[in-house]
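**Student:** The structure's right below; bear with me while I get my questions together.
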Amino acid sequence: MGFFALLGLIAWAILMVLIFKKAGYSGVQTIFLFIPFVNVIVFVWFALTEWPIEKELKEMKARH
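Counting in the numbering used here, the sequence shown runs from -16 upward without gaps.
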């Protein structure tokens, strides 16, 4: 693996951890994105399910 490919992989992993955290999930779940075929399932799940941050927002709106 080339040096720049490794740098790109590290940068991609860091960005994915930040996205997972911003959505309300644990950044550790990013590990699943490195497993072939599982990464596709995780990507679809991430896109289609309600995120914890969305649930929290819904609960806060319901209280007011």
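Glycine included, each C-beta is placed from N, C-alpha and C at the ideal position.
Please classify G10: does DSSP put it in a helix, a strand, or coil?
**Tutor:** Looking at G10 - three-state DSSP - the assignment turns out to be helix.
**Student:** Tell me which same chain residues have a C-beta within less than 6 Å of the C-beta of Y8, skipping the five on either side of it?
**Tutor:** Counting only Cβ-Cβ distances below 6 Å, and skipping sequence neighbours, we find nothing.
**Student:** Less than 7 Å separating the beta-carbons of N22 and L31?
**Tutor:** Not closer than 7 Å, so no.
**Student:** Please report the distance separating the alpha-carbon of A6 from that of I36.
**Tutor:** The alpha-carbon atoms of A6 and I36 are separated by roughly 6 Å.
**Student:** Measuring only the C-alpha atoms, how far is W(-5) from K4?
**Tutor:** Rounded to the nearest angstrom, the two C-alpha atoms are 14 Å apart.
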